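One structure is given here, and the rest of the page talks about it.
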Amino acid sequence: MAARRVYTASTGGDDTAGQSDALSGSARRVSPAVESGEQCGRGVTGDRAIAKRLHATPTPTILALNKVDLLPAADVLPRTEAYRALLPEAAWILFSAQKGHGEPEAASGRDELLTMIVAALPEGPHYYPEDQVTDSYVRDMAAEFIREQIMLQLRDEVLYGTAVQILEFKERDSGDVYISANIFVDRDTHKRIIIGKKGQQLKEIGAAARAQLEELVGCKVFLELWVKVEPKWRQNEKWLKRLGYARQE
Numbered sequence: 478m479a480a481r482r483v484y485t486a487s488t489g490g491d492d493t494a495g496q497s498d499a500l501s502g503s504a505r506r507v508s509p510a511v512e513s514g515e516q517c518g519r520g521v522t523g524d525r526a527i528a529k530r531l532h533a534t535p536t537p538t539i540l541a542l543n544k545v546d547l548l549p550a551a552d553v554l555p556r557t558e559a560y561r562a563l564l565p566e567a568a569w570i571l572f573s574a575q576k577g578h579g580e581p582e583a584a585s586g587r588d589e590l591l592t593m594i595v596a597a598l599p600e601g602p603h604y605y606p607e608d609q610v611t612d613s614y615v616r617d618m619a620a621e622f623i624r625e626q627i628m629l630q631l632r633d634e635v636l637y638g639t640a641v642q643i644l645e646f647k648e649r650d651s652g653d654v655y656i657s658a659n660i661f662v663d664r665d666t667h668k669r670i671i672i673g674k675k676g677q678q679l680k681e682i683g684a685a686a687r688a689q690l691e692e693l694v695g696c697k698v699f700l701e702l703w704v705k706v707e708p709k710w711r712q713n714e715k716w717l718k719r720l721g722y723a724r725q726e
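Residue numbers (our numbering): 478 to 726.
Spelled out as structure tokens, the structure:
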């Protein structure tokens, strides 16, 4: 998983002076730069300034020609050649972000584009601590997946008096991810509902949340859940801050 962790920056939009300057600055800080030309759009005129900026940087460039499925077949080759003339040194690919080239079942080219990007990337430093597999966004998503499954599987039985706190989020040497979390409720009856008979309900919640997490992080996930009662936690400022529901000072 770590070998395929990619960080992206976007400077999308039309070619204005400010955005062109932003692209130039970003291209010096990232590798590779991906320029996306819309095959069915305005043509190459608006991209000349962008190409000029990319020429001035040492960053490897990939020319991704998007929306090929919307262009008449006879126009694909001349439009492609026009774009390639702007960036003759760039690697290039035709693809559709929505579907395959002319056929919904065909490969869209997105996987091939990702392969090209990964191949061009230099190995970077560790941006996160060893015990942290990804950034706070994915930690938040892990908590949301667990809470979502509680709501989906129990409907109105627990209502909204439930919070999830991620205790540990660790990538193991094997490449698997270990996650542990507390589920907080404000009533003991809610705890019994979430756990279920012989723990079966909690197992089902964990299994569904784990499947979502595995799709998100792209590897096997081990998920451990505990259910704890904290009466009136929603009225307690200290607990709201601890669980991330109040602004930290």
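C-beta atoms are modelled at their ideal positions from N, C-alpha and C, and glycine is treated no differently. Please read all numbers here as calculations on a predicted model, not as lab measurements.
- Buried is the label assigned to Trp710, since at least 16 other Cβ atoms lie within 10 Å of its Cβ.
- Considering only Gly721, Leu571, Leu690, Leu693, the residue with the shortest C-alpha distance to Phe661 is Gly721.
- It is roughly 14 Å from the alpha-carbon of Cys696 to the alpha-carbon of Ala686.
- The continuous alpha helix (DSSP H) containing Ala551 extends over residues 550 to 563.
- Residue Arg624 holds the alpha-carbon nearest to the alpha-carbon of Thr639 among Arg624, Ala550, Gly586.
- Excluding residues up to 5 positions away in sequence, Ile623, Gln626, Ile627, Gln630, Ile671, Leu702 lie with their Cβ nearer than 8 Å to the Cβ of Ile682 in the same chain.
- In this structure, Ile539 keeps its C-beta atom at 8 Å or more from the C-beta atom of Ala562.
- Taking a 10 Å sphere around the C-beta of Ala619, we find 16 or more other C-beta atoms and assign the residue as buried.
- For the 8 Å CB-CB criterion, Leu547 and Arg556 do not form a contact.
- In chain order, Gly638, Val706, Pro708 place their CB closer than 8 Å to the CB of Arg664, counting only its own chain and leaving out the 5 sequence neighbours on each side.
- For a cut-off of 8 Å, the C-beta gap from Val615 to Val694 is around 7 Å, short enough to register as a contact.
- Nearest Cα to Asp650 within the set Val698, Glu714, Leu690: Val698.
- With a contact defined as Cβ atoms closer than 8 Å, Ile656 and Leu679 miss out at about 15 Å.
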